[in-house]
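Residue 94 in the numbering used here sits at position 94 of the sequence shown, with consecutive numbering throughout.
Even glycine gets a Cβ: it sits at the ideal position worked out from N, Cα and C.
First the structure, in the form of structure tokens, and then the observations on it.
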Amino acid sequence: MGFPKPWPTDWPEPDSSGKSPDDVREGLDYSFPDSSSDDSPDLIPEFRRHFCSVTWAVNHLCNLRCTHCYDVVDYRRSDLSTEQAVAVIDRLSDAGVTFIAFSGGEAFLRKDLFRLMAHCKDLGMQFGARSNATQITNVVARKLKELSISVVGVSFDGATPGTHDAVRGVGAFTAALSGLKALIAEGIRAQMEVVLSKQNAHEALEFIKLGKSVGVSEVNFSAITPQGRGASRNNDLLDHKTWLQLTETLKTASASVAIPVTPNCALLGPCFANVEPHVTCDGWVTPCYLSPTKLFPLLETPAKLIREYLRRDRMKYQEVCGRRAWTQDWETVPQSNLVNLTVTRSGVYGS
Ligand code: SF4
């Protein structure tokens, strides 16, 4: 899944400068609000240059069992209590966060989700949700409208029932479409979140057609990563050639459709690890939602240190999702980098 936001991202130029991902990254300024530098390149929209938004897995329960789910760990987890969850929102607000994307598990299975959203609203924070949409009825959509939710990202792994349900289970496509339509009927900004893999790459343009036909505000494309259950789907990870074709096809398509068609950073563009960090269901901060690396426990960390910790280590966790496996052309990587490559290919970034 992607990272739904109320502001669409641009489609960056992947290779216009001929620079490698490392060169491009070195040239960027991931400045934080208290940085003395204010000359970040246009490539990075304002809202992505600063630590001001997080994803938060408010629970680990889910009613589906997607074959690529990144939120799967080999130890027992406990969700935060309502009191702790409210404290998380307070702490994030104190740290300067202005946007929370609620995710899970399946966030809409959490009984106090509306209460948490209402607390964000009371504090003047924006919030969104990322969901499989199977729990989103007309009543739920109406409540979200009342709460002034900024955006809901609905996950689609296929533009047809056969492809989607092969990943998410029988009936998931119909239920997701129903939830998506309920959101749109309420006038809520709803976007389609697509995780591309070799299993669904052939439907790339069909996702756009589907999204446009139901009236989504944006179609955002990510890529399957070797995290959680995705680690056992090596054969479905994008290879460099497929990635190149897909990014070119989608970028071209994006120029001719009326709705934004955008890339998630796992597919293309700068890495926002530690700039858009993630909070786990048990209250740990990780570099991004696609990294299981626990940085520090949120509720035990003073608000003023959160920003500092994230800034201090942000370069250490670049591309921890493992995207170099498809964004980099391994045939052209210098031999001198091979030791490093072995590490990155086995997903041990930042350790
Ligand atoms: S590691 Fe970086 S590029 Fe990968 S999903 Fe996270 S923020 Fe995006």
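Among the options, nearest to residue i - alpha-carbon criterion
i      : options                        : result
Ser291 : Val275, Leu310, Val320         : Val320
Ala85  : Leu61, Leu244, Leu113          : Leu113
Glu193 : Arg130, Gln135, Ala253         : Arg130
Cys265 : Thr225, Glu186, Ser256, Trp56  : Thr225
His50  : Arg307, Val73, Leu61           : Arg307
Trp284 : Asn274, Val275, Phe207, Leu295 : Leu295
Leu268 : Cys62, Ala223, Thr160          : Ala223
Asp329 : Pro302, Asn235, Thr242, Ile259 : Thr242
Val214 : Arg189, Tyr317, Gly230         : Arg189
Ala204 : Arg229, Leu250, Gly230         : Leu250
Val54  : Leu298, Glu106, Asp313         : Leu298
Glu300 : Leu92, Val73, Leu64            : Leu92
Asp313 : Thr293, Ala325, Leu244, Asn274 : Asn274
Val257 : Lys145, Val72, Leu210, Asp79   : Leu210
Gly96  : Phe108, Cys120, Ser81          : Cys120
Ala185 : Phe156, Thr137, Ala159, Asp157 : Thr137
Ser81  : Val72, His60, Cys66            : His60
Ala159 : Lys145, Gly187, Gln199, Glu206 : Glu206
Reduced DSSP secondary structure (H/G/I, E/B, other) of residue i
i      : result
Phe102 : strand
Glu218 : strand
Gly230 : helix
Gln432 : Residue 432 is absent from the model: the chain starts at 1 and stops at 351.
Phe51  : coil
Ser36  : Only weak support exists for where Ser36 lies, its pLDDT of 36 falling under 50; the coordinates are left without a value.
His278 : strand
Gln84  : helix
Phe296 : strand
Gln191 : strand
Thr286 : strand
Ala258 : coil
Ala223 : strand
Ala57  : strand
Thr332 : helix
Anticipated Cβ contact below 8 angstroms, residue i with residue j, distance rounded
i      : j      : result
Ala133 : Leu180 : 6 angstroms
Gln227 : Tyr70  : 4 angstroms
Cys358 : Gly104 : Lying outside 1 to 351, the shown extent of the chain, residue 358 is not represented and no answer is given.
Phe221 : Pro263 : 6 angstroms
Ile259 : Val216 : 7 angstroms
Leu64  : Ile89  : Rounded, the Cβ-Cβ distance is 26 angstroms, inconsistent with contact.
Val167 : His68  : 6 angstroms
Cα-Cα separation between residue i and residue j, rounded to whole angstroms
i      : j      : result
Val170 : Phe99  : 33 angstroms
Gln135 : Asp282 : 23 angstroms
Val139 : Met315 : 43 angstroms
Leu116 : Lys143 : 13 angstroms
Ser178 : Val154 : 11 angstroms
Ser254 : Val261 : 5 angstroms
Gly322 : Tyr289 : 13 angstroms
Gln126 : Glu331 : 44 angstroms
Tyr309 : Pro287 : 11 angstroms
Leu147 : Ala118 : 6 angstroms
Cys52  : His240 : 32 angstroms
Leu305 : Thr280 : 18 angstroms
Ile208 : Glu276 : 26 angstroms
Val58  : Lys111 : 10 angstroms
Thr163 : Val219 : 17 angstroms
Asn234 : His202 : 18 angstroms
Ala175 : Ala303 : 39 angstroms
Gln245 : Tyr75  : 38 angstroms
Gly230 : Cys271 : 20 angstroms
Asp165 : Asp79  : 28 angstroms
Thr293 : Glu248 : 32 angstroms
Ser232 : Leu183 : 33 angstroms
Ala172 : Cys66  : 10 angstroms
>> Restricting to runs no shorter than 4 residues, where is the alpha helix (DSSP H) found entirely within the stretch 95–174?
In response: The alpha helix (DSSP H) runs of length 4 or more contained entirely in the stretch 95–174 are, from start to end of the chain, 113–123, 138–146, 161–168.
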